[in-house]
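Participant:
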Amino acid sequence: RKGQTAFRNSLDIVSHGSDGVLKVSPFFYWSDSELDGYITAHGLSSETDYYDPTKVHEDRECGLHTQSVTG
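Once you know that position 56 of the sequence shown is 95 in the numbering used here, the rest is easy, because the numbers rise by one and skip nothing.
#1: Whole angstroms is fine: what's the gap from Ser84's alpha carbon to Asp58's?
#2: Identify whether Leu61 lies in helix, strand or coil by the three-state DSSP scheme.
#3: Which first and last residues belong to the alpha helix (DSSP H) in which Ser72 is found?
#4: What does the alpha-carbon distance come out to for the pair Gly193 and Glu86?
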């Protein structure tokens, strides 16, 4: 989300990665309290409650990525 890092502050809700991947961040402008409220209201687990055995490094994150199709 915006405000988490200097790099993320330079992005927008929709951006393209250097590899051409279209990135959409629906919670980009949400504050910590807004996101916590949503998680609580909908009975969701937070990332602190979730362990992903496929991630070797803690600084990696998952996302939905799609390649732009042209032609």
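Ideal placement from N, C-alpha and C gives every residue a C-beta, glycine not left out.
Facilitator: Taking the coordinates as given:
#1: If you take the alpha carbons of Ser84 and Asp58, they lie about 31 Å apart.
#2: strand
#3: 71-80
#4: Outside the displayed range of the chain (40 to 110) lies residue 193, so it cannot be described from this structure.
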